[in-house]
Amino acid sequence: MITRTPFDDYIDHIPHLVPFDYVLGELSREIDPTIRYNFVIADNYAIFIRMPHFRDRYSRLLCKHITISSRAPFARYAGEIWYNRNGHFLVNNSSGTYRPPDRLIKQVLTFFHHLSPNAYFGGVSFRNST
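Using the UniProt record's numbering, the letters of the sequence shown correspond one by one to residues 1 to 130.
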């Protein structure tokens, strides 16, 4: 049985719908490149979830792209976003389920810049960084 218990303290104070800048603000508080959010962009929503540092396999399963997208057969994009020590938000296309092509990274960066024009976004191909 999988529950969201390990995440209750973190999730319960966040409203259901939040502005993109709120997500970026939460992420930028932790200037640690090992802290990442998985995200999925679908037709009419985007969902972000902080990746836990738990060693518990079941907790990590709750954060996989297929799980946070409610097993959607199609996603426009899926990857990770993190904040580096230079004050930049970096985005990759690391998703074993949806496997977005490298050419979509630039489009996602344009979309994120449109949502938050004062933030700096950079792209990293998951395939080239391994």
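Using N, Cα and C, we set each Cβ at its ideal position, and we do this for glycine too.
Here the alpha carbons of residue 32 and residue 85 stand approximately 7 Å from one another. Around the Cβ of residue 98, a 10 Å sphere holds 16 or more other Cβ atoms; the residue is buried. In terms of Cβ geometry, residue 92 and residue 48 do not form a close pair [threshold 9 Å]. For the pair residue 87 and residue 28, the Cα-to-Cα distance works out to about 8 Å.
The three-state reading of DSSP puts residue 22 in helix, counting H, G and I together.
For residue 31, the secondary structure class from DSSP, reduced to helix, strand or coil, is coil. Within the model, the alpha-carbon separation for residue 41 versus residue 75 is close to 6 Å. Residues 24 and 89 of the same chain have their beta carbon placed closer than 7 Å to that of residue 119, with the five preceding and five following residues left out of the count.
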